[in-house]
Amino acid sequence: MKIKNILIANRGEIAVRVMKTARRMGIKTTVIKTASEPAAMYLSLGDNVYDDTENVSEIPVFLDIERIIKIALDSGADSIHPGYGFLAENPYFAQKCADNKIIFIGPSPDSIYKMGNKIIARKIAMAKNIPMTVGSEGKIPTENEAIRVARRIGYPVIIKAASGGGGRGMRIVNREEDMPKMFRMASNEADKTFSDHSVFIEKYIENPKHIEFQVLGDRKGNIIHLWERECSVQRKHQKLLEEAPSLALNDDLRKEMGEVSVKIASAVGYFSAGTVEFLFDAEGAYYFMEMNTRIQVEHPVTELITGIDLIEEQIRIAEGQELRYKQKDIKLNGWAIECRINAEDVQSGFSPSPGKIEQILMPSGENIRVDTGVQAGSVIAANFDSMIAKLIIYGKDRKDALASCKQALDKVWIKGTKTTLPFFRMLIRNSRFLDGSITTSFIENELSTYHVNSEYEEMLAAWLATWLFVDENLDESNLKIDFEEAKNMSPWLLNKRIIRH
Amino acid sequence: MAKQQKKLYALMGRKKYGFNLPLTETIRIGKRKYKIILKEDNKYGTYVLWKNRRYPVEIVMSRQNKFDILFNYVCYSFTVETPFSLKRKQYLDREKGQPEEERILAPMPGKVIEVMVREGDELNRGEPLLILEAMKMQNEINCPVNGIVKSVNVAAEENVVKDDVMLEIRISQ
Chain H
35 MKIKNILIAN RGEIAVRVMK TARRMGIKTT VIKTASEPAA MYLSLGDNVY DDTENVSEIP
95 VFLDIERIIK IALDSGADSI HPGYGFLAEN PYFAQKCADN KIIFIGPSPD SIYKMGNKII
155 ARKIAMAKNI PMTVGSEGKI PTENEAIRVA RRIGYPVIIK AASGGGGRGM RIVNREEDMP
215 KMFRMASNEA DKTFSDHSVF IEKYIENPKH IEFQVLGDRK GNIIHLWERE CSVQRKHQKL
275 LEEAPSLALN DDLRKEMGEV SVKIASAVGY FSAGTVEFLF DAEGAYYFME MNTRIQVEHP
335 VTELITGIDL IEEQIRIAEG QELRYKQKDI KLNGWAIECR INAEDVQSGF SPSPGKIEQI
395 LMPSGENIRV DTGVQAGSVI AANFDSMIAK LIIYGKDRKD ALASCKQALD KVWIKGTKTT
455 LPFFRMLIRN SRFLDGSITT SFIENELSTY HVNSEYEEML AAWLATWLFV DENLDESNLK
515 IDFEEAKNMS PWLLNKRIIR H
Chain Y
212 MAKQQKKLYA LMGRKKYGFN LPLTETIRIG KRKYKIILKE DNKYGTYVLW KNRRYPVEIV
272 MSRQNKFDIL FNYVCYSFTV ETPFSLKRKQ YLDREKGQPE EERILAPMPG KVIEVMVREG
332 DELNRGEPLL ILEAMKMQNE INCPVNGIVK SVNVAAEENV VKDDVMLEIR ISQ
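So the protein lines, in turn, are chains H and Y.
Residue numbers for the first sequence, in our numbering: 35 to 535.
Residue numbers for the second sequence, in our numbering: 212 to 384.
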């Protein structure tokens, strides 16, 4: 069935991203206007705007299954694109769409469910002889069982929530005496965050690389992969920079891991776009970690090296069309790098730095792509994620891409909030990053500062501070107080002044 | 008073930058002088022009002689001192010695997810104190010093606003 009108059940840059492809394909889009972002940029790109500003529910509309379905039916949308986050990996939502004859642009509810439950996903992968870390066979019901399993596989181990993923609900345990406490914490956290207290245990791989494979499948059982993405630059499991391909893989390994990815996806009859994530250890062994059943934030790097629009393929597959590519058609050309420019304060441990974007000027050029959902005047609100823009650079090889990236970073102009730019400007000059040897623990364990240090810039800032001081004390007599009269002040008064500071 | 060159110092940590008064819009590096131009317009907001490049600047905080300046997205905290106030500051710093307590302030509004420490706990620098959730991200707040927990002022599920004192740590020498 041909898709004619997509309800975008998302906001921000991914809403904009999906609409760009839809427009090119001649498909209409419906967007949802919420009370928290009534002037958001994505609203200006939709053909229809559904006004949901009167919604007083405590649940954000993008998480409200009933309401999204109602909006789709009311607005005449024949399909829903969930983007990422929110309801993108909710099997009940995908099922609810089917029940209401709305096309869910994504995989089947069954695939989402099976890959979403990490214990089931592990069992499926194990049955297919997919390389995996040693771990418990199912969920761990008690502390004693946790201790028994951990003894068998050896410390350190990691406790994961069965319904978790994306780095949430995990605890690393280094010693047996920590196990009871960590087990309780992981269990409680899983219950609170995912409404499912079940957890399982795996051997913890220290200092791995994070490498993931993009897959595409259709409803007829054809599945291909679109090579890998290297996502080792992450902090607390939040990715900051991704590139494709990965320097860590040679052609043989790339081919092998690609085939393994297709095998995993086939095991659940996967269709639409998906990502198979692996840990890659220092010895070059890889382990299946999880499969994400959605379009990912970092999908543009794959698009740049393969020349394939993943959103377009998602839509075509959702219409029931057959994949138009065979594995041999998928070329790997050049190198792509994505920097996630977030409203975060890298100098205080990447803490969110919400605020109004007063100005945003992004570089442009043949090898530069910018995916963003904000413009001058947009507000990075505390209740949504902190993404401002993704700066995506293409080069003929890694060296070329890195050089362009370095230049492009210096051309970004954002006023109004703190950003992750100083982090990228530091990273792009870091030898460990440049030689491709970093692992997921790099940021937390090997960096002493998270921002670029420039002697000249510091000096200019010092000059500016001095200039401001002079400006505020322009009245010469005022300045004189400190220069000459202060010596006549009583020590008591002086002290009081200082304490006030 | 003896005639001396009027000067101001911008201090950040152990770093000290001296500028002669009246403040000129040039900085000397080696033998060359470079012009600094501070400008503001509708397109770029406030910026500094230096060696043919435009740098974004923002005054994050300005209080008496303290300035937090965002220069090219990096935040610098300077205090500006006159030669006299600098001497006074150095004298007082020696007298006061190290601060004895460290207050852990909420870096931004959010919700406390978990408090990992109790009153009397002995902690090393870098150990986790609590988890604060803001903007969908759970942030671990770590202990900035070696010390003993003097007071815990927040509990799990509690909301905090920016600069709330969440914990107090007595610094061990």
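C-beta: ideal position from N, C-alpha, C; glycine also.
Quick one: residues in its chain with C-beta nearer than 6 Å to the C-beta of Lys430 of chain H, no 5 flanking neighbours on either side, listed in chain order? The answer, listed in chain order, is Gly368.
For Ala367 of chain Y, three-class secondary structure by DSSP: Ala367 of chain Y carries a coil assignment under DSSP once its states are collapsed to helix, strand and coil.
Gln275 of chain Y by DSSP, collapsed to three states: which one? If DSSP states are grouped into helix, strand and coil, Gln275 of chain Y belongs with coil.
So Ile371 of chain H and Val404 of chain H are supposed to be a Cβ contact under 8 Å. How far apart are they, rounded? At roughly 13 Å, the Cβ-Cβ gap does not stay under 8 Å, so Ile371 of chain H and Val404 of chain H are not in contact.
3-residue-minimum beta strand (DSSP E) runs that sit fully inside the region 193–272 of chain H, ordered along the chain: Taken in chain order, the complete beta strand (DSSP E) segments of 3 or more residues contained in the region 193–272 of chain H are 202–207, 233–237, 243–251, 257–269.
Please confirm whether Asn350 of chain Y has its beta-carbon closer than 9 Å to some beta-carbon of chain H. For Asn350 of chain Y, the closest Cβ of chain H is nearer than 9 Å.
For Phe322 of chain H, the residue or residues it bridges with in DSSP: Bridge partners of Phe322 of chain H: H:Phe312.
Please identify the residue among H:Glu347, H:Ile245, H:Phe457, H:Gly354 whose C-alpha is closest to the C-alpha of Thr474 of chain H. When only C-alpha atoms are compared, the closest one is H:Ile245.
What does Ser385 of chain H reach in chain Y if we use C-beta pairs closer than 7 Å? Within chain Y, Pro318, Met319, Asn350 have C-beta atoms less than 7 Å from the C-beta of Ser385 of chain H, given in sequence order.
Nearest-angstrom Cα separation, counted from Leu79 of chain H out to Ala132 of chain H: Their backbone Cα atoms lie some 27 Å apart in a straight line.
Is it true that the CB of Lys390 of chain H sits closer than 9 Å to the CB of Gly341 of chain H? Gly341 of chain H is not a Cβ neighbour of Lys390 of chain H, given a cutoff of 9 Å.
Thinking just about the alpha-carbon of each residue, which of H:Glu311, H:Leu107, H:Ile102, H:Asp419 is nearest to the one in Asn124 of chain H? Of the listed residues, the one whose Cα sits closest to Asn124 of chain H is H:Ile102.
Is there at least one Cβ from chain H nearer than 9 Å to Gly331 of chain Y's Cβ? Cβ-Cβ to chain H under 9 Å: no for Gly331 of chain Y.
Could you tell me whether the Cβ atoms of Gly169 of chain H and Glu236 of chain H are closer together than 9 Å? Yes, they are a contact pair.
Hey, is Ile448 of chain H's beta-carbon within less than 9 Å of any beta-carbon in chain Y? Chain Y has a Cβ within less than 9 Å of the Cβ of Ile448 of chain H.
Let me confirm a value: His333 of chain H is counted as buried when at least 16 other C-beta atoms fall within 10 Å, else exposed. Which label applies? When all chains shown are included, His333 of chain H counts as buried.
If you follow the alpha helix (DSSP H) that Ala155 of chain H is in, where does it begin and where does it stop? In the DSSP assignment, Ala155 of chain H falls within the alpha helix (DSSP H) that extends over 152–161.
How would you call His271 of chain H, buried or exposed, if buried means at least 16 neighbouring beta carbons within 10 angstroms? That one is exposed.
In chain H, which residues lie less than 8 Å from Val259 of chain Y when you measure between Cβ atoms? Result: Leu494, Leu498.
Using only the heavy atoms of the ligand ZN, determine whether one of them is closer than 8 Å to the beta carbon of Glu333 of chain Y. Summarising the ligand content, the structure contains no ligands, and the ligand ZN is consequently not present.
DSSP-derived helix/strand/coil call for Lys514 of chain H: Residue confidence for Lys514 of chain H is low, a pLDDT of 49 falling below 50, so the modelled location carries little weight; the figure read from the coordinates is stated next. Here Lys514 of chain H sits in helix by DSSP.
Beta-carbon gap between Asn350 of chain Y and Gly383 of chain H smaller than 9 Å: The answer is yes: Cβ separation under 9 Å.
Kindly indicate which three-state DSSP category Ala132 of chain H falls into: helix, strand or coil? If DSSP states are grouped into helix, strand and coil, Ala132 of chain H belongs with the helices.
Which runs of the alpha helix (DSSP H) spanning at least 4 residues fall entirely within the region 334–416 of chain H, listed in chain order? The qualifying runs are 344–352.
Can you round the beta-carbon distance between Val268 of chain Y and Phe282 of chain Y to whole angstroms, since I take them to be within the 8 Å contact cut? Going by Cβ atoms, the distance from Val268 of chain Y to Phe282 of chain Y rounds to 5 Å, so yes, they are a contact pair.
Best match in H:Phe418, H:Met421, H:Ile402, H:Leu395 for proximity to Ala410 of chain H [C-alpha to C-alpha]: With distances taken between CA atoms, Ala410 of chain H lies nearest to H:Leu395 out of H:Phe418, H:Met421, H:Ile402, H:Leu395.
How long is the line joining the alpha carbons of Thr483 of chain H and Asn134 of chain H, rounded to whole angstroms? If you draw a straight line from the Cα of Thr483 of chain H to the Cα of Asn134 of chain H, it comes to about 52 Å.
Let me check understanding here. Comparing Cα to Cα, which of H:Gly140, H:Asn376, H:Ala69 lies closest to Glu346 of chain H? Ranking H:Gly140, H:Asn376, H:Ala69 by Cα distance to Glu346 of chain H puts H:Gly140 first.
Nearest candidate by alpha-carbon position, reference Pro165 of chain H, set H:Ile472, H:Phe322, H:Ala352, H:Glu171: It is H:Phe322.
Please state whether DSSP places Ile329 of chain H in a helix, a strand or coil. The DSSP-derived three-state label of Ile329 of chain H is coil.
Just the chain Y side, please: which residues come within less than 9 Å of Thr87 of chain H by C-beta, in chain order? Neighbours of Thr87 of chain H on chain Y: none; closest Cβ ~22 Å, over 9 Å.
Collapsed DSSP secondary structure at Val328 of chain Y in the structure displayed: DSSP, reduced to helix, strand and coil, places Val328 of chain Y outside both helices and strands of the structure shown, so it counts as coil.
What's the C-alpha gap between Ala161 of chain H and Ala423 of chain H? Cα-Cα distance, rounded: 41 Å.
Within chain Y, partners of His538 of chain H - CB distance below 7 Å: Any answer about residue 538 of chain H is impossible in this case: the structure gives chain H only from 35 up to 535.
Extract the residue ranges of the beta strand (DSSP E) inside the region 286–323 of chain Y, only unbroken runs of 3 or more that lie entirely within it. Listed in chain order, the complete beta strand (DSSP E) runs (minimum 3 residues) inside the region 286–323 of chain Y are 312–316.
Can you list, in chain order, the residues of its chain whose CB lies under 7 Å from that of Gly321 of chain Y, leaving out five sequence neighbours each side? Closer than 7 Å at the Cβ level, and outside the excluded window around Gly321 of chain Y, lie Leu343, Glu344, Ala345, Val371.
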